[in-house]
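Okay, so here's the structure we're looking at.
In our numbering, the protein residues as written are 585 to 828.
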């Protein structure tokens, strides 16, 4: 069986669990050499990865200098705040933009020179259906920052479209990941228990179920591989019908 990513060198952030981990594993199965990173090094040790805090610009630059150049960047690191315009704090605002937006910019800026030099590359950013695509209750900062990711993706794609580099972003609906588990636990008391809290997340999906991390990884792999060579600047929604 032909492997779609033979010879490609890929950097994956937040590869320790959930979508990041599933994508790093799928990239590897498709023949790529994967540099798996996570803020918690222990979570990527079995993937041959190492610790990386994407908020540390110098650390990001070192990873690219020591392990690049890269053909693919999967910008997956992020955080989901549960708040509104009335409850969000200045500290939450600063952190959300630092991790969900600025860190993605810095990772792109680190890998792009190598991609430009070789005239090829694919960047896949993690956005969300809760963004400029759709408003979601109690997701003020998350939706705001993920809308910024959509705009940033399109802007960078326009700048490098003639250089052989593609930049796209994923806009998932609700995905069954450890991160979701944390949000379910946080909402359990107000929702009447863990089962009720989980059911509330499932209920907003038109298909009546949550996505798996592997389903999102499959789309990320398509965008990373050459089979999507004519796709760039797109915010691709994969949400089980949430935005219908």
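For every residue, glycine included, the Cβ atom is placed at its ideal position computed from N, Cα and C.
For residue i, three-class secondary structure by DSSP
i: residue 669; result: coil
i: residue 760; result: strand
i: residue 621; result: strand
i: residue 765; result: helix
i: residue 821; result: strand
i: residue 714; result: strand
i: residue 815; result: coil
i: residue 793; result: coil
i: residue 627; result: helix
i: residue 747; result: helix
i: residue 720; result: coil
i: residue 590; result: coil
i: residue 616; result: coil
i: residue 770; result: helix
Pick from the options that is closest to residue i, judged by C-alpha positions
i: residue 708; options: 597, 762 and 627; result: 597
i: residue 621; options: 802, 660, 671 and 752; result: 660
i: residue 641; options: 682, 714, 664 and 665; result: 682
i: residue 765; options: 778, 753 and 754; result: 778
i: residue 757; options: 793, 736 and 724; result: 793
i: residue 664; options: 824, 723 and 786; result: 723
i: residue 810; options: 615, 653, 715 and 675; result: 615
i: residue 672; options: 628, 728, 653 and 750; result: 728
i: residue 711; options: 828, 804, 589 and 629; result: 804
i: residue 551; options: 609, 594, 593 and 592; result: This structure cannot settle anything about residue 551, because the visible part of the chain is limited to 585 through 828.
i: residue 790; options: 736, 823, 807 and 781; result: 823
i: residue 694; options: 713, 715 and 645; result: 645
i: residue 700; options: 817, 781 and 743; result: 743
i: residue 735; options: 702, 689 and 696; result: 689
i: residue 761; options: 799, 752 and 650; result: 799
i: residue 649; options: 595, 795, 658 and 821; result: 595
i: residue 813; options: 748, 718 and 788; result: 748
i: residue 632; options: 623, 619, 638 and 741; result: 619
i: residue 662; options: 802, 684 and 639; result: 684
i: residue 691; options: 666, 636 and 815; result: 636
i: residue 669; options: 776, 725 and 630; result: 725
Segment limits, alpha helix (DSSP H) that includes residue i
i: residue 602; result: 602 to 613
i: residue 728; result: 724 to 744
i: residue 807; result: 797 to 808
i: residue 654; result: Per DSSP, residue 654 belongs to no alpha helix (DSSP H) and is neither H nor E.
i: residue 783; result: 778 to 787
i: residue 680; result: 674 to 681
Opening and closing residue of the beta strand (DSSP E) in which residue i lies
i: residue 688; result: Note, residue 688: premise wrong, no beta strand (DSSP E); alpha helix (DSSP H) at 687 to 702.
i: residue 645; result: Residue 645 -> not in any beta strand (DSSP E); alpha helix (DSSP H) instead, spanning 641 to 651.
i: residue 593; result: 593 to 596
Beta-bridge partners of residue i, as assigned by DSSP
i: residue 709; result: 659 and 753
i: residue 635; result: 622
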